[in-house]
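J.: Per my numbering, the sequence shown runs over residues 237 to 610.
All C-beta atoms, glycine included, are put in the ideal place defined by N, C-alpha and C.
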Amino acid sequence: MTHNLRSRKRIKSSTPGIEISPQQEAARTVRTSLPSLPVELLLEILSYWPSIPISWPDSPALFPYIYLHRTRTLQALAQTCTSLRAILLPLAWQNLEACSSRNLPPGRPTPSLSGKYGHEVLTELLRQAEIVTIRNPALAIYVQLVSVTLTSIHATQVFEEFASCLSLLPNVKTLQIFGLEGAKTKLSRAFASCPKCPRHYILRSQTYILRGSVARYFPHIERLRFRGSLTATNLDRLTQKLPELRELGPIGLDHYVPMSRHKGIVSSTSLECLSRLQRIRVLYLTINRYGGGGTQDLSLYREHIRLVKEILRKAPAQRQELKKVVVRCPGSTRVYIVTCKSGGEFFNRYHQAFIFLPYGLQSGLCTVHCTTVM
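#1: Measuring only the C-alpha atoms, how far is Ile389 from Ser295?
#2: Please state the DSSP three-state secondary structure of Pro566.
#3: Looking only at its chain, what residues have a beta carbon closer than 6 Å to the beta carbon of Leu310, apart from the 5 residues adjacent to it on each side?
#4: Beta-carbon within less than 6 Å of Ile547's beta-carbon, same chain only, minus the 5 sequence neighbours each way: which residues are those?
#5: If you run the structure through DSSP and keep just helix, strand and coil, what is Leu553?
#6: With H, G and I counted as helix, E and B as strand and the rest as coil, what does DSSP make of Ile201?
#7: Which residue's Cα is closest to the Cα of Ile197: Asn524, His456, Ile457?
#8: Would you be able to state if there are at least three C-beta pairs under 8 Å between the region 366-384 and the region 398-405?
#9: For His540, verify whether its CB is less than 7 Å away from any heavy atom of the ligand SAH.
#10: Could you tell me the distance, in whole angstroms, from the CA atom of Gly529 to the CA atom of Leu519?
#11: Mapping the DSSP letters down to three states, classify Ser578 as helix, strand or coil.
#12: Out of Pro274, Leu471, Leu507, Leu489, point me to the one whose CA is closest to Pro566's CA.
#13: Out of curiosity, what's the CA-to-CA distance linking Leu358 and Gly415?
#14: The beta strand (DSSP E) that contains Thr369, what's its start and end?
#15: When the Cα atoms are used, what is the spatial distance from Leu484 to Ile457?
#16: Compute the distance between the beta-carbons of Ser337 and Tyr301, then report whether it is under 8 Å.
#17: With distances taken between CB atoms, is the gap from Arg515 to Lys559 smaller than 8 Å?
#18: Between the alpha carbons of Gln364 and Arg306, how many angstroms are there, rounded?
#19: I'd like the span of the beta strand (DSSP E) that includes Ser383, first residue to last.
#20: Got a sec? Which residues, its chain only, sit under 8 Å from Pro289 by beta carbon, not counting five neighbours each side?
#21: Measuring alpha carbon to alpha carbon, tell me which residue in Leu386, Asn339, Gly343, Ile281 is nearest Leu362.
#22: Name the one or two DSSP bridge partners that Lys545 has.
#23: Span of the alpha helix (DSSP H) holding Arg473?
#24: Buried or exposed: which applies to Glu333, given that a residue is buried once 16 or more other Cβ atoms fall within 10 Å of its Cβ?
#25: Candidates Asn372, Phe299, Val561, Glu557: which alpha carbon is nearest Glu356's?
#26: Taking all protein chains shown into account, decide if Ile281 is buried (16 or more other Cβ within 10 angstroms of its Cβ) or exposed.
#27: Hey, could you find the ends of the alpha helix (DSSP H) Glu396 is sitting in?
#28: Between the Cα of Arg463 and those of Leu320, Arg564, Tyr284, spot the shortest distance and give me the residue it belongs to.
#29: Is the beta carbon of Leu521 closer than 8 Å to that of Val544?
#30: Can you name the residues that DSSP bridges to Leu519?
#31: Taking only three categories from DSSP, how would you classify Gln315?
#32: Suppose you measure from the CA of Pro286 to the CA of Asn331; what does that come to, to the nearest Å?
#33: Per DSSP, what are the beta-bridge partners of Asn331 in this structure?
#34: Of all the options Arg461, Phe395, Gln393, Pro406, which has the alpha carbon lying nearest to the alpha carbon of Gln412?
#35: What are the residues that DSSP puts in a beta bridge with Phe454?
#36: Closer than 7 Å by C-beta to Arg308: which residues in its own chain qualify, once you throw out the five before and the five after it? Chain order, please.
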């Protein structure tokens, strides 16, 4: 005789006079639980936690603890059930981040990386690298962005392991490095042993390391951003060695203005080396000081900006592909947007959109005023 194992118990519903079975209640719970939500809605919920920004002009060497919440929440939810694990585990390891401190509250100035903060990010970097390469190598395919804070603490050993870890991450597209206090040469040597490097490279460091590291060990990179300003000598070298660049900057215009007080002034024609970059789409320019003995006359840079825009305009482009020149100067940021038409040719009178942003904007929302000039 077959036993009826189905429960006969009835559960009162919120509607008077109606009772539902436990099976119906379970089905209703499944339809309204977190795993039942669409992936798009889950992503929208997770977007309320901040993530490490990419290509942020004023990125600190160390981020506060609030930037740890998103990754830790994803990793915790991925352990709750099979449904959420299938969705959230790839998201939890999409970004390999070791640049935040649990002891650093928001708004606090970046501390020295030689003490406990440096040891904390170092330990976190080694922990995550071990997980994706040794403990669970299946996670390596999910990693697309690597953001790390590197210090001089045990630099030789750590940098070699870091470079080795990069070579085992097949889908990394962006590498973002912060810090590097007194350890740039050792990092350059470590990259020499890295057989495979990301194509998209965002470096937060001083300019001189670019001459020996980026052009030599990252010949196929497409995006290159760094702190400081690129001099004429480095610009000429990079345009020769990195033909696949699509984004480059910042280029210091003060090196090209004759009336500027900047040392090592060169002719504005030196900017014409940018024409070697046939795939370039975004150029970042920076003005660190006003020319003419400290006057507020930006007209000294107008011809240089026009030359850069003309070079960008002539570069081949796909249909309706946007190109832009971002000029950052004390007090504001200007964005010149150039549109193209079919055949890779631009309109003779192309559009320029000027967007002014507060200088040194760290976080939060701001109002952007955009004016289109015909």
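T.: On the basis of the supplied data:
#1: 21 Å
#2: coil
#3: Leu324, Leu327, Ala328
#4: Leu510, Ser511
#5: Reading off the sequence shown, one finds Ala at residue 553, where the question assumed Leu. It is coil, neither helix nor strand.
#6: Not covered by the structure: residue 201. The range shown for the chain is 237 to 610.
#7: This structure does not reach residue 197, given that the chain is present from 237 up to 610, and the question cannot be answered.
#8: yes
#9: Of the ligands one can find in the structure shown there are none, so the ligand SAH has no counterpart to examine.
#10: The predicted model places Gly529 with a pLDDT of 43, which falls under 50 and marks its position as unreliable, so this point remains unresolved.
#11: Note that Ser578 scores 43 on pLDDT, short of 50, meaning its location in the model is unreliable; the coordinates nonetheless yield the value given after this. Three-state result, Ser578: helix.
#12: Leu489
#13: 12 Å
#14: First-last for Thr369: undefined, no H or E at that position.
#15: 10 Å
#16: yes
#17: no
#18: 16 Å
#19: 381-386
#20: Ser295
#21: Leu386
#22: Bridge partners of Lys545: none, in fact.
#23: 468-477
#24: buried
#25: Phe299
#26: exposed
#27: 391-403
#28: Arg564
#29: yes
#30: Leu484, Val561
#31: coil
#32: 13 Å
#33: Leu381
#34: Arg461
#35: In DSSP, Phe454 forms no bridge with anything.
#36: none
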